[in-house]
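Residue numbers for the sequence shown follow the working numbering, so the first one is 39 and each next one is one higher.
Ideal Cβ positions, reconstructed from N, Cα and C, are used throughout, including at glycine.
Comments concern the structure below.
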Amino acid sequence: MPQPKVVCLEEHFTSPKLRELRGEKDSPLQCKLDDLGALRTRAMDEAGIDLQVISENNPATQNLDAESAVKLARASNDVLHEAVRAHPGRFAGFATLPTPDPKAAADELERAVSKLGFKGAMIMGLTHGRFMDDKKFRPIFERAAALDVPVYIHPTPPHPAVMDAYFKDYPVLSGAPLGFTLETLTHTYRLILSGLFDEFPSLKIIVGHLGETAPFLLWRTTDTLSRRIKMPRAFGDYYRTHFWLTTSGAFSDAALTCSIAEMGVERIMFSIDWPFQENLPGRKWLDAAPVSERDRAAIFGGNAQKLLKL
Ligand code: MN
39 MPQPKVVCLE EHFTSPKLRE LRGEKDSPLQ CKLDDLGALR TRAMDEAGID LQVISENNPA
99 TQNLDAESAV KLARASNDVL HEAVRAHPGR FAGFATLPTP DPKAAADELE RAVSKLGFKG
159 AMIMGLTHGR FMDDKKFRPI FERAAALDVP VYIHPTPPHP AVMDAYFKDY PVLSGAPLGF
219 TLETLTHTYR LILSGLFDEF PSLKIIVGHL GETAPFLLWR TTDTLSRRIK MPRAFGDYYR
279 THFWLTTSGA FSDAALTCSI AEMGVERIMF SIDWPFQENL PGRKWLDAAP VSERDRAAIF
339 GGNAQKLLKL
């Protein structure tokens with residue numbers, strides 16, 4: 039099979055059992071999320087996307103009781119695995135993990151990678167209000183490091199206390215316009231301060247939306263933290279060593295240029311966030327973005343090939 043030249047890594051679906059549990063209503067958007075076949079591949083073909091690495095839609099199984107999470111994560115991964123088998127070379131998978139039961143989540147990650155051929159895992163932000171730096175989640179990262187697969191930290195709505203204090207007056211800001219960014223940015227910063235990367239020096243984390251503003255803030259965060267706490271390495275050093283960023287839902291030349299300047303082009307990977315963004319505008323944006331042809335090819339697929347061993 040030829041290596042995929044254009045790869046996207048934050049592309050979502052809804053598995054039937056989670057759709058039923060959440061009582062999702064029919065809509066054009068839900069119709070796309072339900073599809074793991076011709077509708078999806080047609081939308082990929084329109085934009086010349088070779089491969090989607092597919093993941094369960096927000097909030098996946100992060101907020102279920104432990105027993106249901108284990109059962110439904112497994113079912114979700116099995117559904118996705120069937121779709122990957124039916125579309126060789128077009129679909130790949132990031133595992134859904136039952137984070138409410140961390141030990142089971144680590145085992146499910148291993149099953150998904152070793153038995154189903156998944157490329158890593160995606161976690162939808164908070165688990166019952168807890169960030170992943172909580173020590174109880176360490177077995178998941180330990181297993182990801184042992185399997186040498188990345189964990190994609192995806193946004194979810196902020197903690198209810200933050201929702202109330204920050205967004206009660208402007209609920210429209212609570213999701214993608216601002217709230218998701220605050221939630222995920224905080225999440226990634228907490229992982230670094232928790233010492234996670236000293237415990238697992240080979241651990242790899244992916245963040246979407248060009249790092250949720252982290253590249254823009256990296257100098258200031260690194261500078262001020264260096265004067266306030268003792269860390270084995272500088273904050274920016276951890277970020278540049280352990281994080282990869284995708285362009286999901288962030289088709290901005292200015293943000294891309296800043297991300298490349300802070301991270302290096304080899305850390306930036308193309309993604310859409312389908313179906314919440316359309317494929318074609320993302321493709322057209324990166325086709326015209328102000329980078330060399332060599333860098334464009336690396337962002338479109340070369341970097342993902344290396345990280346995910348495609
Ligand atoms: Mn997404």
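- By the Cβ neighbour-count rule, residue 173 is exposed, with fewer than 16 other Cβ atoms within 10 Å of its own.
- A straight line joining the alpha-carbon of residue 315 with that of residue 180 spans about 33 Å.
- Assigned with DSSP and collapsed to three states, residue 89 falls in strand.
- When DSSP states are grouped into helix, strand and coil, residue 279 belongs to the helix group.
- Scanning 41, 47, 97 and 40 for the CA closest to the CA of residue 53 turns up 97.
- In the structure shown, residue 169 falls within a coil segment according to DSSP collapsed to helix, strand and coil.
- Per DSSP, the unbroken alpha helix (DSSP H) holding residue 225 starts and ends at 217-231.
- Taking the Cβ atoms as the reference, residue 143 lies roughly 4 Å from residue 135, within the contact range of under 8 Å.
- In the three-state reduction of the DSSP assignment, residue 82 falls in the helix class.
- For residue 208, there is no enclosing alpha helix (DSSP H), since its DSSP letter is neither H nor E.
- By the Cβ-count criterion, residue 166 is exposed, with fewer than 16 other Cβ atoms from all chains shown falling within 10 Å of its own Cβ.
- In terms of Cβ geometry, residue 187 and residue 233 do not form a close pair [threshold 7 Å].
- Buried is the label assigned to residue 46, since at least 16 other Cβ atoms lie within 10 Å of its Cβ.
- Residue 94 has its Cβ no nearer than 6 Å to any heavy atom of the ligand MN.
- The closest heavy atom of the ligand MN lies 6 Å or more from the beta carbon of residue 333.
- Residues 253 and 254 of the same chain have their beta carbon placed closer than 6 Å to that of residue 296, with the five preceding and five following residues left out of the count.
- If you ignore the 5 residues before and after residue 113, its C-beta comes within less than 7 Å of the C-beta of 53 and 55, all in its own chain and listed in chain order.
- Where residue 51 is concerned, the enclosing beta strand (DSSP E) starts and stops at 45-51.
- Under the three-pair Cβ rule at 8 Å, the region 283-301 counts as touching the region 237-246.
- Ranked by Cα distance from residue 161, the first of 155, 178 and 151 is 178.
- When the Cα atoms are used, residue 49 and residue 129 turn out to be separated by approximately 10 Å.
- As computed with DSSP, residue 192 is found in a beta bridge with 162.
- Counting along the chain, residue 245 sits inside the beta strand (DSSP E) bounded by residues 243-245.
- Proximity of the beta carbon of residue 316 to the ligand MN is not indicated: no heavy atom of the ligand is located closer than 6 Å.
- When C-beta atoms of the region 328-338 are compared with those of the region 298-310, three or more pairs fall below 8 Å, so the two segments count as touching.
- Straight-line spacing of the CA atoms in residue 121 and residue 80 works out to 15 Å.
- DSSP places residue 307 in the strand class (E or B) of the three-state scheme.
- Of the heavy atoms belonging to the ligand MN, none sits nearer than 6 Å to the Cβ of residue 62.
- For the options 59, 75 and 88, the alpha carbon positioned closest to that of residue 317 is the one of 88.
- Non-local beta-carbon contacts of residue 293 in its own chain, meaning distances under 7 Å to residues more than five positions away in sequence, involve 248 in chain order.
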